[in-house]
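Below is one structure, written out as structure tokens; the observations come after it.
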Amino acid sequence: MRTGTSVSGLRLKFAGAPSLQFHDLSFAVAPGEKILLLGPSGCGKSTLLQVLTGLIPGAIDVPVRYDHIDIPTSWGYVFQDPDTQFCMPFVDEEMAFVLENLGVPREEMPARIREGLTKAGLALDDAHIPIQSLSQGMKQRLAIASVLALQPDVLFLDEPTALLDPEGTRQVWDTMKNVSADKTVLIVEHKIDKVIDFVDRVVLFTYDGTILADGDPNRVFADYAAALREYGIWYPGVWDDYAAGAPQLTARISGQISSSGEHESSGQELCVLQRFDGYPYRSRQPNPYRSRQPKIHIEDARVGSGEWIAVVGDNGAGKSTLLQAMMQLIPTSGDYTFLQRRVRGFKDVSAGAAYVFQNPEMQFVTNSVYEEAAFGFRRHGQPDVERLTQALLSDFGLADLKNQHPYQLSLGQKRRLSVATAMVSQERLVLLDEPTFGQDAANTFAILEKLEALRREGTTILMVTHDMEIVRWFATRVWLVERGELAMDADPGAYLRSAGLTRQPKREFVQPVV
Numbered sequence: 192m193r194t195g196t197s198v199s200g201l202r203l204k205f206a207g208a209p210s211l212q213f214h215d216l217s218f219a220v221a222p223g224e225k226i227l228l229l230g231p232s233g234c235g236k237s238t239l240l241q242v243l244t245g246l247i248p249g250a251i252d253v254p255v256r257y258d259h260i261d262i263p264t265s266w267g268y269v270f271q272d273p274d275t276q277f278c279m280p281f282v283d284e285e286m287a288f289v290l291e292n293l294g295v296p297r298e299e300m301p302a303r304i305r306e307g308l309t310k311a312g313l314a315l316d317d318a319h320i321p322i323q324s325l326s327q328g329m330k331q332r333l334a335i336a337s338v339l340a341l342q343p344d345v346l347f348l349d350e351p352t353a354l355l356d357p358e359g360t361r362q363v364w365d366t367m368k369n370v371s372a373d374k375t376v377l378i379v380e381h382k383i384d385k386v387i388d389f390v391d392r393v394v395l396f397t398y399d400g401t402i403l404a405d406g407d408p409n410r411v412f413a414d415y416a417a418a419l420r421e422y423g424i425w426y427p428g429v430w431d432d433y434a435a436g437a438p439q440l441t442a443r444i445s446g447q448i449s450s451s452g453e454h455e456s457s458g459q460e461l462c463v464l465q466r467f468d469g470y471p472y473r474s475r476q477p478n479p480y481r482s483r484q485p486k487i488h489i490e491d492a493r494v495g496s497g498e499w500i501a502v503v504g505d506n507g508a509g510k511s512t513l514l515q516a517m518m519q520l521i522p523t524s525g526d527y528t529f530l531q532r533r534v535r536g537f538k539d540v541s542a543g544a545a546y547v548f549q550n551p552e553m554q555f556v557t558n559s560v561y562e563e564a565a566f567g568f569r570r571h572g573q574p575d576v577e578r579l580t581q582a583l584l585s586d587f588g589l590a591d592l593k594n595q596h597p598y599q600l601s602l603g604q605k606r607r608l609s610v611a612t613a614m615v616s617q618e619r620l621v622l623l624d625e626p627t628f629g630q631d632a633a634n635t636f637a638i639l640e641k642l643e644a645l646r647r648e649g650t651t652i653l654m655v656t657h658d659m660e661i662v663r664w665f666a667t668r669v670w671l672v673e674r675g676e677l678a679m680d681a682d683p684g685a686y687l688r689s690a691g692l693t694r695q696p697k698r699e700f701v702q703p704v705v
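Mapped onto my numbering, the consecutive letters of the sequence shown carry residue numbers 192 to 705.
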């Protein structure tokens, strides 16, 4: 039986927020509809999904009122942050937990678990491994597998592929399209090229959570092109439009990154890694799932000042582990020099490097956005902390949220705050793990431009990313990580050609004939 959902007269306000998130919002979804919610970061898309499921206020205590709400009886939710979704410590136990709630006989579970994991593109030799040993992208696939196992009537998908590599993104959306033909689906997604042919309705929100447009995708994209650009929302062809208006990019790139890999490096060697290994976290307790085999191995790699190195590869390949090893957050061995000094521990790196975690909540140490931004300035003994903090928050679009707790922010806002805190002083090396996921186009470009400005002043950028447009337009060099090893160190143009990632023609949207 197909099910819809709706809410009318919705009013909601987060503690510390300067205004209502929604003011008398009415929104309805017919059974079987496939709807894409678009809007600038922080406009309330994820919040609306949580209200429509009853998570707000049932599980998340937020003051909310509405005239009427129709919550579906059978629904599944894929969260932006997969770590918030899991109930059990092991992969197979997480899947079994879902199946137990559905009354599936025990003898049928192993086959159902394998089928569910395979459907989500999570290939594991042994499913009885700790969830926390998975990469964030692999966790996201597990979250998707567990939700699909519920066989819900309504699917709420909150950026389900934000942390996935391009192939994983394709696999997940192919799966979603196959299993949800008779389901109601609400989607928040920035990778809209993958879903635009799947949805039959687009709802466009303004900054304050007001619905600006609601209708056929072609009509919305054609009629509201100016608004999409104004609000900095992702739309097909946005990268081409951005690059056309960014002379600093077109000056060094003409449709494709040149083979010269031109950059403003001083030629000074910043880091040298030789026979360098990074190991999994060690535990004092015996654990058969913690191995002394390295998770990442670098035979010989050198990093110069003023470079922008994009670290790419499949989920679970070891990209995040590489950054953690370079920052000395995990045990390492081998020869590692930074600023011409031998690295033996965290203190040897921390004085000249900044690190942005993949999960922004791992960085927060205070109870307000303002204090989080001010923390680094105070730590470095900067004068005029208040002026610097206000300027930093304004630069990252967080000034109006300064009184909120960091955990109350949307995932995109959390990500911007975590990147902002890495820029309180001009470090020689900035390590960033997926710094643009969960961002709208405007904030993505703003973050990238700030990093490019640092690079031009001599800072080296080492960034894990799955976004090939960042590789195309910003990187000066690419490291491809495969199965825990540095498999390629190449010019971006050479990497893109080797991967078959040629430019696709810009999609034009026109109004449908009526």
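For glycine and all other residues, C-beta sits at the position ideal for the given N, C-alpha and C.
Quick one: residues in its chain with C-beta nearer than 6 angstroms to the C-beta of residue i, no 5 flanking neighbours on either side, listed in chain order?
i	result
Gly207	Asn594, Gln595
Asp631	Pro231, Ser232, Gly423, Ile424
Thr397	Leu403
Gln362	Gly312
Ala681	Val669
Gly400	Gln212, Phe213, Cys234, Gly235
Leu216	Leu201
Taking the alpha carbon of residue i as the reference point, which residue from the options has its own alpha carbon closest?
i	options	result
Val345	Leu313, Ile378, Ile320, Ala314	Ile378
Met286	Met654, Ala318, Asp365, Leu239	Ala318
Ala666	Leu653, Thr401, Met329	Leu653
Tyr558	Phe270, Gly536, Pro597	Inspection of the sequence shows that residue 558 is occupied by Asn rather than by Tyr. Checking every option, the nearest Cα to that of Asn558 belongs to Pro597.
Pro574	Pro357, Glu224, Ser616	Ser616
Phe529	Arg619, Lys486, Leu600	Arg619
Pro273	Leu671, Leu602, Asp283, Trp670	Leu602
Arg466	Thr523, Ile262, Asp399	Thr523
Val390	Glu224, Tyr426, Glu299	Glu224
Phe587	Leu639, Gln554, Leu622, Glu552	Leu639
His657	Ile500, Met367, Asp349	Ile500
Gly235	Tyr415, Ile383, Gly629	Gly629
Lys382	Trp364, Gly567, Val394, Ala219	Trp364
Ala644	Glu498, Leu600, Val662, Pro254	Glu498
Pro343	Ile262, Asp316, Pro357, Gly359	Ile262
For residue i, does the count of other Cβ atoms within 10 angstroms reach 16, so buried, or fall short, so exposed?
i	result
Ser609	buried
Ala334	buried
Arg297	exposed
Cys278	exposed
Pro188	Given a span of 192 to 705 for the chain in the structure shown, any question on residue 188 remains unanswerable.
Arg569	exposed
Gln476	Bear in mind that the predicted position of Gln476 carries a pLDDT of just 43, short of 50, making it unreliable; the figure below should be weighed with that in mind. Per the 10 Å Cβ criterion, exposed.
His571	exposed
Ser541	exposed
Phe347	buried
Glu299	exposed
Would you report the Cα separation of residue i and residue j, rounded to the nearest angstrom?
i	j	result
Glu421	Thr635	14 angstroms
Ile448	Tyr433	Only weak support is given to the placement of Ile448: the predicted model assigns it a pLDDT of 40, under 50, and the value that follows is read from those uncertain coordinates. Near 16 angstroms, if we compare the C-alpha coordinates of Tyr433 and Ile448.
Gly428	Ala417	13 angstroms
Trp430	Val655	19 angstroms
Arg533	Gly543	13 angstroms
Ile387	Pro408	7 angstroms
Ser237	Leu579	31 angstroms
Trp664	Gln581	30 angstroms
Val576	Asp539	27 angstroms
Ala690	Leu201	47 angstroms
Met329	Gly436	36 angstroms
Leu228	Asp373	20 angstroms
Can you pull the DSSP bridge partners for residue i?
i	result
Ala221	For Ala221, which the question treats as bridged, DSSP gives no partner whatsoever.
Gln465	Asp491, Asp526
Ile260	Val198
Ile652	Trp499, Val621
Glu673	Glu676
Tyr268	Phe347
Short of 8 angstroms in beta carbon distance, which residues of its chain neighbour residue i, apart from the five on each side in sequence? Order them along the chain.
i	result
Arg493	Glu460, Cys462, Val463, Leu464
Tyr561	Thr580, Leu584, Lys593, Asn594
Hey, is residue i close to the ligand FAD, as in C-beta under 7 angstroms from one of its heavy atoms?
i	result
Val662	Ligands in the displayed structure: none, and consequently the ligand FAD is not present.
Short of 7 angstroms in beta carbon distance, which residues of its chain neighbour residue i, apart from the five on each side in sequence? Order them along the chain.
i	result
Leu513	Gly469, Ile487, Val502, Val672
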